[in-house]
Amino acid sequence: MQPKPNIFLKFIPLIGGILIISTGLLALNFYSKSKNNGYSSASIKIKASPINLENFCQQYQTIGKNLQLWNQESLSEDEVLVKTQAYPNLPFSLDAVALPNIKDKARKAKVPVLMYHDILPTKEVFFDVTPEELEADFELMKSKGVTPISLDQLIIHLRTGSPLPEKPVLLTFDDGYGGHYEYVYPLLKRYKYPAAFSVYTKNMGINTGRSHITWEQLKIMVEDPLVTIAGHSKTHPPDLTKLSDEELNQEVVESKQILEKKLGKSIRYFTYPTGKNDERVRKIVEEAGYIAALAMDDADEKFAGESENLLAIERFGQSRLEELVDRASGGEVVNCWEQN
Ligand SMILES: [Zn+2]
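The opening position of the sequence shown corresponds to residue 133 in my numbering, with each subsequent residue numbered one higher.
Put into structure tokens, the structure is as follows:
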């Protein structure tokens, strides 16, 4: 008896079948992959399938006040995509005014943008703040029902007139000091407060008598949703309006490219060193692709909604916090019914 060839013969149809099926699967796999490349962007859009505010209100009754951005790209478009805390998987669109304008409705709110500089244990100049003082500020905000918002949230509000939480403030920390990582960042996490940090690239990681934040520390912070990094030039010239076009390009455009390359994130906000800006500077900032820019004017401090436009958002010195906590307001109570 020679059973082996018989068994082999018996399996030939089976092997053939497996071959046919796997060839078919391979072809199908290849087809779907090539097709996917064709409409992968379309499928992302389908996934988001945002509805407009009116439809959202009809279906879900309430818009809520703590809106979050749905995707970064839409922040500069005519329709900003947002989500609410109650329905985090349902994006809806808000009509925005053209960049860099501020919507009239947003001008009724009073959002102070607070400006801090270095945080260090021993003060050297009057605007230095100790970690204990910063914690006291956070405690004051907490006890007064203040809600720190992110820079993205402020821009959504200014562009669309969307509602903000009670007593909104935006916390900003300028100049990229080591104390921002050592003292501010842990406090932000403890209180779950968002904040924006404006860094200039020249002094990263070095000690100039004060320690400056390192790229490694900044990379950790930028991954945290609580943190927004804004460009603040390359060398921190005291007055951008005095620079040549070429120098201005280096400070505004190249600093953006350096930050984006090092951090792997798009940098959408700029902060003018010492707040100084004029039409030429603002134009270069806009052309560089920034959506908005933070300014400051010690002599004439204003709420964000009182700014001329998004390219010069006004701020207050951090010492004004105590008086501002009682004045901050999200403006009109806007809800679905009033929108319709
Ligand atoms: Zn600065």
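For every residue, glycine included, the Cβ atom is placed at its ideal position computed from N, Cα and C.
Just measuring C-alpha positions, the residue of S387, A228, M273, I338 sitting nearest A420 is S387.
For I361, the enclosing beta strand (DSSP E) starts and ends at 359-363. Taking a cut-off of 8 Å for Cβ pairs, the region 391-401 and the region 410-417 do not touch, as fewer than three such pairs fall below it. Here E298 carries a coil assignment [DSSP, helix/strand/coil]. Between the C-alpha atoms of L372 and P405 there is a straight-line separation of about 7 Å. Taking every residue with its beta carbon within less than 6 Å of a heavy atom belonging to ligand 1 gives, in chain order, D306, D307, H364, H368, P405. Taking a 10 Å sphere around the C-beta of L272, we find fewer than 16 other C-beta atoms and assign the residue as exposed.
It is roughly 16 Å from the alpha-carbon of E446 to the alpha-carbon of P280. Between the region 335-354 and the region 309-318 there are three or more C-beta pairs closer than 8 Å, enough to call the two in contact.
In chain order, K366, T367, H368 place their CB closer than 8 Å to the CB of K334, counting only its own chain and leaving out the 5 sequence neighbours on each side. P326 places its beta carbon less than 9 Å from that of L303. Annotation: L375 is outside any beta strand (DSSP E) and is labelled neither H nor E by DSSP. Residue pairing from DSSP places F402 in a beta bridge opposite G363, A425.
According to the DSSP assignment, K237 belongs to no beta strand (DSSP E), since it is labelled neither H nor E. Here the region 226-234 lies against the region 194-210, with 3 or more beta-carbon pairs under 8 Å apart. In the structure shown, the three-state DSSP call for G196 is coil. Contact between the region 429-448 and the region 388-398 is not established, with fewer than three Cβ pairs separated by less than 8 Å. V261 is bridged by DSSP to I251. Distance from the CA atom of L266 to the CA atom of P253, rounded to whole angstroms, is 11 Å.
In the DSSP annotation of this structure, D458 is not part of any beta strand (DSSP E), being labelled neither H nor E. Per DSSP, reduced to three states, the secondary structure at D306 is strand. Put simply, the backbone Cα of V245 is about 10 Å away from that of A460.
Here E348 is exposed, its C-beta having fewer than 16 other C-beta atoms within 10 Å. Straight-line measurement puts the Cα of P300 at about 23 Å from the Cα of S206. Assigned with DSSP and collapsed to three states, S439 falls in coil, not helix or strand. At the C-beta level, S282 and L358 come within 9 Å of one another. Annotation for L286: V243, L302, A436 place their beta carbon closer than 7 Å to its own, counting only its chain and skipping 5 residues before and after. Taking a 10 Å sphere around the C-beta of S294, we find 16 or more other C-beta atoms and assign the residue as buried. For K321, the uninterrupted alpha helix (DSSP H) run begins and ends at 317-323, by DSSP. In the three-state DSSP reduction, H344 falls in the strand class (E or B). Of the candidates E455, K408, N198, Y323, the residue whose Cα lies closest to the Cα of K274 is Y323.
Checking the DSSP bridge columns, you'll see P280 partnered with V301.
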